[in-house]
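So the sequence lines, in the order shown, correspond to chains E and L.
For the first sequence, position 62 matches number 62 in the numbering used here, and the numbering has no gaps at all.
For the second sequence, position 345 matches number 345 in the numbering used here, and the numbering has no gaps at all.
Built from N, CA and C at the ideal position, the CB exists for glycine as well.
Here the structure is a predicted model, which means the values were calculated and not measured.
Some notes on the structure that comes next.
Protein chains: 2
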Amino acid sequence: MTPGSAALGHVRDRVDRALQAFVGQQRGVLLAAGDDLRPGADSIAGLLAGGKRLRPAFCYWGWRGAGGPDCPEIINAAAALELLHAGALVHDDLMDASDTRRGQPSLHRQFEARHAGRGWHGSAGAFGMGVAILLGDLLICWTDEMFHASGLPGDALRRGRPVLDRMRTEVFAGQYLDLLGQAAGDETVAGALRVVEFKTAKYTIERPLHLGAALAGAGPDLAGPGGPRAGGAGGTAGDGGTAGRDGSLAAAYTAYGLPLGIAFQLRDDILGVFGDPAQTGKPAGDDVREGKRTVLLAIARSRATAAQAQVIDRYLGDPLLDDAGTAEVRAAITGSGAVAECERMIGRHVREAIAALDGAPMTGEAREALAGLAVAATARDG
Amino acid sequence: MTPGSAALGHVRDRVDRALQAFVGQQRGVLLAAGDDLRPGADSIAGLLAGGKRLRPAFCYWGWRGAGGPDCPEIINAAAALELLHAGALVHDDLMDASDTRRGQPSLHRQFEARHAGRGWHGSAGAFGMGVAILLGDLLICWTDEMFHASGLPGDALRRGRPVLDRMRTEVFAGQYLDLLGQAAGDETVAGALRVVEFKTAKYTIERPLHLGAALAGAGPDLAGPGGPRAGGAGGTAGDGGTAGRDGSLAAAYTAYGLPLGIAFQLRDDILGVFGDPAQTGKPAGDDVREGKRTVLLAIARSRATAAQAQVIDRYLGDPLLDDAGTAEVRAAITGSGAVAECERMIGRHVREAIAALDGAPMTGEAREALAGLAVAATARDG
Numbered sequence: 001m002t003p004g005s006a007a008l009g010h011v012r013d014r015v016d017r018a019l020q021a022f023v024g025q026q027r028g029v030l031l032a033a034g035d036d037l038r039p040g041a042d043s044i045a046g047l048l049a050g051g052k053r054l055r056p057a058f059c060y061w062g063w064r065g066a067g068g069p070d071c072p073e074i075i076n077a078a079a080a081l082e083l084l085h086a087g088a089l090v091h092d093d094l095m096d097a098s099d100t101r102r103g104q105p106s107l108h109r110q111f112e113a114r115h116a117g118r119g120w121h122g123s124a125g126a127f128g129m130g131v132a133i134l135l136g137d138l139l140i141c142w143t144d145e146m147f148h149a150s151g152l153p154g155d156a157l158r159r160g161r162p163v164l165d166r167m168r169t170e171v172f173a174g175q176y177l178d179l180l181g182q183a184a185g186d187e188t189v190a191g192a193l194r195v196v197e198f199k200t201a202k203y204t205i206e207r208p209l210h211l212g213a214a215l216a217g218a219g220p221d222l223a224g225p226g227g228p229r230a231g232g233a234g235g236t237a238g239d240g241g242t243a244g245r246d247g248s249l250a251a252a253y254t255a256y257g258l259p260l261g262i263a264f265q266l267r268d269d270i271l272g273v274f275g276d277p278a279q280t281g282k283p284a285g286d287d288v289r290e291g292k293r294t295v296l297l298a299i300a301r302s303r304a305t306a307a308q309a310q311v312i313d314r315y316l317g318d319p320l321l322d323d324a325g326t327a328e329v330r331a332a333i334t335g336s337g338a339v340a341e342c343e344r345m346i347g348r349h350v351r352e353a354i355a356a357l358d359g360a361p362m363t364g365e366a367r368e369a370l371a372g373l374a375v376a377a378t379a380r381d382g
Numbered sequence: 001m002t003p004g005s006a007a008l009g010h011v012r013d014r015v016d017r018a019l020q021a022f023v024g025q026q027r028g029v030l031l032a033a034g035d036d037l038r039p040g041a042d043s044i045a046g047l048l049a050g051g052k053r054l055r056p057a058f059c060y061w062g063w064r065g066a067g068g069p070d071c072p073e074i075i076n077a078a079a080a081l082e083l084l085h086a087g088a089l090v091h092d093d094l095m096d097a098s099d100t101r102r103g104q105p106s107l108h109r110q111f112e113a114r115h116a117g118r119g120w121h122g123s124a125g126a127f128g129m130g131v132a133i134l135l136g137d138l139l140i141c142w143t144d145e146m147f148h149a150s151g152l153p154g155d156a157l158r159r160g161r162p163v164l165d166r167m168r169t170e171v172f173a174g175q176y177l178d179l180l181g182q183a184a185g186d187e188t189v190a191g192a193l194r195v196v197e198f199k200t201a202k203y204t205i206e207r208p209l210h211l212g213a214a215l216a217g218a219g220p221d222l223a224g225p226g227g228p229r230a231g232g233a234g235g236t237a238g239d240g241g242t243a244g245r246d247g248s249l250a251a252a253y254t255a256y257g258l259p260l261g262i263a264f265q266l267r268d269d270i271l272g273v274f275g276d277p278a279q280t281g282k283p284a285g286d287d288v289r290e291g292k293r294t295v296l297l298a299i300a301r302s303r304a305t306a307a308q309a310q311v312i313d314r315y316l317g318d319p320l321l322d323d324a325g326t327a328e329v330r331a332a333i334t335g336s337g338a339v340a341e342c343e344r345m346i347g348r349h350v351r352e353a354i355a356a357l358d359g360a361p362m363t364g365e366a367r368e369a370l371a372g373l374a375v376a377a378t379a380r381d382g
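Here you go:
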């Protein structure tokens, strides 16, 4: 076991148990409204059983790095991020018309099939969509409930709250930019990277670390509308009204989190085209089938020969893409040199992230865990 | 001006200003992610400019009734409910494929038109759906942000939090039951009333009152999974861990809120078929066109002659319903006696709601305001 998988495993099991306890309690509230809600409660529980718990892990180590003690309360607060993530995935799968998630049918497809199987009235697709919207909304709302019922002191929650707020606005803004770029046909690497900054780097790594730090009294200054930005004035300590700030720790988390987030997304981009379905929980070549506008594809386009570009254009967004087509697209992307370029970028960004931990005002244990997490989150075996 | 409209107007103007200030600040956060977010911010501001602010009014008077002082902080906390409501409406319009909201194109239609007008890539419908999902999510998340930044003391927020949580789980559960009943073809009056209990009565009236009361230290006991139920053991005071409970006030709010919620929905049902578009902000007969499974329609079906039932079945859910069809359906529903029956039910439920205020431990000013609100919320002129 690498230090990274140990750092992840240490948190994951406890996050799993916290989520199970929370969802079990919510099941009672749902069934009080009607026994018909059982399939919804079951689908939510099934979805939450999967996942690597990356965001809770970063939140936990953000807290520990700021000197917070190991305790069940921080696990509860960190686990709440997994509810937000599950809700966002349900809505994302709906928007992308994805058929699978974590090796199971996506939630809207589950309820579409239920409708079709029972011969109910109306459109099965509309029913699946409606249930997915509502259960995603529920999960997103439960984030706040679990966070505030975590057992952390009121002062800590008050410090963490603005970070959680900012994180959510940023992730939905990033997804909106993604939709818009896809519609408007922005195929530039710069456009794809801007989406990655908001939709992945801040959401998956920087803000969870900041949330942990803020809960422990060392959060970022969010007084300005945009907050700390990559390569900008990020992390200058300010006083936006919360106690116990430590600008230099929050700045180190930004300097670690943003490049690592890009590396993480690049790995995900590669897995989305080349990954093994048993590992990704998605069919082979799914990103190509769904026509996702990834950084990998933007780089491939920018480097492709005319013949390679033609292959990519022919299959991108083709819902009927088969194994032969997937193989052709893979060859074109690899042939363009985009995969090698992405691997170089991953290596460079991971080194940059780990270097940002040097000399940062955090505990040695947290520094080691975060260095391990950087490697684990971007490893070829996902 | 009636006492009810005065009680509503008193709160509405201040809620409007609080929402404007909050949304103005969020616009800055969104634009920091990219100037492309401007149309999204504009649509949100446009949607939030409308609305009767009923839920904030009930929250405010729930607080005042429990002895809370008039202050800007309770207005901020109450206004947060309007963000939840706006997000739920955006998602609701998408699920119902509604074209209009508050006299404007619904949000998904706005972005569908934007996509079509610019000749962007992909499906305009999918783009409109994606933007509506994301902006709805944002609004739902902002509920918590505005609530916690209201300026109310931490103790008050801690008491209010579980009520807000319960309210959200209940409303999404109610919407799920609605979808399910529609799909499974449940056309009973009892089925429609169960949906109304969760989707309208608790969400619009009972829980906003409970939230105000809990913020002021007189909230309901939510220790059981279902909480107080209409006609059940509702309102028995318990000690679920929050301070300063006053079971009899929370019970009075339930006894007022649940029948009033049913009356409010019945009025909405009548307006949805017979209302003037200038007043409802929706085209004439929109509920019929969308095939909504309302209590009014369930009563009409249960009383209709074979000929009347045939007319209702022919037009219900017909997206091409025109003025002549609307007139036919109206005649069939009226002829069945369902409208008169609904009017009788409205009158009976409003009287029951107002009677529940008698002798309840609340300030005289709040009792008068709530009696006025009961009339205003169910009046024929909407």
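Nearest neighbour of residue i, chosen from the options [CA to CA]
| i | options | result |
| --- | --- | --- |
| R158 (chain E) | E:E341, E:H349 and E:A213 | E:A213 |
| Y386 (chain E) | E:F172, E:A216 and E:I270 | This structure gives no information on residue 386 (chain E), because the portion of chain E shown stretches from 1 to 382. |
| D287 (chain L) | L:A340, L:L316 and L:G117 | L:L316 |
| G103 (chain L) | L:P283, L:P56 and L:V131 | L:P283 |
| G335 (chain E) | E:A355, E:H349 and E:Q310 | E:Q310 |
| T452 (chain L) | L:E368, L:V329, L:P277 and L:D268 | What the structure shows of chain L is the stretch from 1 to 382, and residue 452 (chain L) is not part of that stretch, so it cannot be assessed. |
| A332 (chain E) | E:I312, E:G9, E:D323 and E:R55 | E:I312 |
| G185 (chain L) | L:G117, L:K292 and L:L152 | L:K292 |
| E328 (chain E) | E:I346, E:G285, E:D42 and E:R348 | E:G285 |
| F111 (chain E) | L:A353, L:Q279 and L:A183 | L:A183 |
| M362 (chain L) | L:S248, L:Q279 and L:L8 | L:S248 |
| P319 (chain E) | E:G136, E:Q308 and E:R289 | E:R289 |
| R38 (chain L) | L:L48, L:L47, L:G46 and L:R27 | L:R27 |
| R207 (chain L) | L:F58, L:P72, L:A324 and L:R314 | L:F58 |
| C71 (chain E) | E:L357, E:L152 and E:A369 | E:L152 |
| R114 (chain E) | E:A132, E:S98 and E:R101 | E:A132 |
| R55 (chain E) | E:A41, E:R168 and E:G136 | E:R168 |
| G387 (chain L) | L:A116, L:G68, L:G51 and L:I74 | Because residue 387 (chain L) is not part of the residues shown, which for chain L are 1 to 382, the question remains open. |
| I354 (chain L) | L:F274, L:A255 and L:L209 | L:A255 |
| A21 (chain E) | E:L321, E:A252, E:D322 and E:N76 | E:N76 |
| A252 (chain E) | E:E368, E:A360, E:L164 and E:Q279 | E:A360 |
For residue j and residue i, believed in contact at Cβ under 8 angstroms, the rounded distance
| i | j | result |
| --- | --- | --- |
| A263 (chain L) | G65 (chain L) | With a Cβ gap of about 19 angstroms, A263 (chain L) and G65 (chain L) do not count as contacting. |
| R166 (chain L) | L222 (chain L) | 6 angstroms |
| L266 (chain E) | G62 (chain E) | L266 (chain E) to G62 (chain E), Cβ: 23 angstroms. No contact. |
| A385 (chain E) | L260 (chain E) | No answer is possible for residue 385 (chain E): the residues shown for chain E start at 1 and end at 382. |
| G272 (chain L) | I205 (chain L) | At roughly 19 angstroms, the Cβ-Cβ gap does not stay under 8 angstroms, so G272 (chain L) and I205 (chain L) are not in contact. |
| L134 (chain L) | I44 (chain L) | About 11 angstroms separates the two Cβ atoms, so there is no contact after all. |
| G130 (chain L) | R109 (chain L) | With a Cβ gap of about 13 angstroms, G130 (chain L) and R109 (chain L) do not count as contacting. |
| L48 (chain E) | L8 (chain E) | About 17 angstroms separates the two Cβ atoms, so there is no contact after all. |
| V295 (chain L) | V196 (chain L) | 6 angstroms |
| A364 (chain E) | G154 (chain L) | Checking the sequence, you will find Gly at residue 364 (chain E) rather than Ala. Actually they are not in contact, since the Cβ atoms of G364 (chain E) and G154 (chain L) sit about 34 angstroms apart, beyond 8 angstroms. |
| G136 (chain L) | V90 (chain L) | 4 angstroms |
Please confirm if the stretch 76-96 of chain E is in contact with the stretch 25-34 of chain E, defined as three or more CB-CB distances below 8 angstroms between the two stretches. Short answer: they don't touch.
So within the stretch 295-320 of chain L, which uninterrupted beta strand (DSSP E) runs reach at least 3 residues, ignoring any that extend past its ends? The qualifying runs do not exist here; there are none.
Output the residue ranges of the alpha helix (DSSP H) runs that lie fully inside the stretch 67-106 of chain L and measure 4 residues or longer, sorted by chain position. DSSP assignment within the stretch 67-106 of chain L yields the following whole alpha helix (DSSP H) runs of 4 residues or more, N-terminal first: 72-96.
Whether or not the stretch 186-205 of chain E and the stretch 171-183 of chain L are in contact is what I'm after, with contact meaning three or more pairs of Cβ atoms, one per stretch, closer than 8 angstroms; do they touch? Between the stretch 171-183 of chain L and the stretch 186-205 of chain E there are fewer than three C-beta pairs closer than 8 angstroms, too few to call the two in contact.
Would you list, in sequence order, the uninterrupted alpha helix (DSSP H) runs of no fewer than 4 residues that lie entirely inside the stretch 27-51 of chain L? For the stretch 27-51 of chain L, whole alpha helix (DSSP H) runs of length 4 or above, ordered along the chain, are 38-48.
Taking 8 angstroms as the cut-off, does the stretch 291-308 of chain L touch the stretch 327-342 of chain L (at least 3 CB pairs, one atom from each stretch)? At 8 angstroms Cβ cutoff, the stretches touch.
Count the CB pairs spanning the stretch 147-161 of chain L and the stretch 201-208 of chain E that are closer than 8 angstroms, and state whether there are at least three. Not touching, per the Cβ criterion.
I'd like the ranges of any beta strand (DSSP E) spanning at least 3 consecutive residues and lying wholly in the stretch 155-216 of chain E. Complete beta strand (DSSP E) runs here, min 3: none at all.
State whether the stretch 119-128 of chain E contacts the stretch 68-81 of chain L, with contact taken as three or more CB pairs (one from each stretch) at a distance under 8 angstroms. Under the Cβ criterion (8 angstroms, minimum of three pairs), the stretch 119-128 of chain E does not count as touching the stretch 68-81 of chain L.
Ignoring anything shorter than 3 residues or poking outside the stretch 111-140 of chain L, list the beta strand (DSSP E) runs there in chain order. With a minimum length of 3 residues, no continuous beta strand (DSSP E) run stays inside the stretch 111-140 of chain L.
For the stretch 338-376 of chain L, list the alpha helix (DSSP H) runs that are entirely contained and at least 4 residues long, ordered along the chain. The qualifying runs are 338-355.
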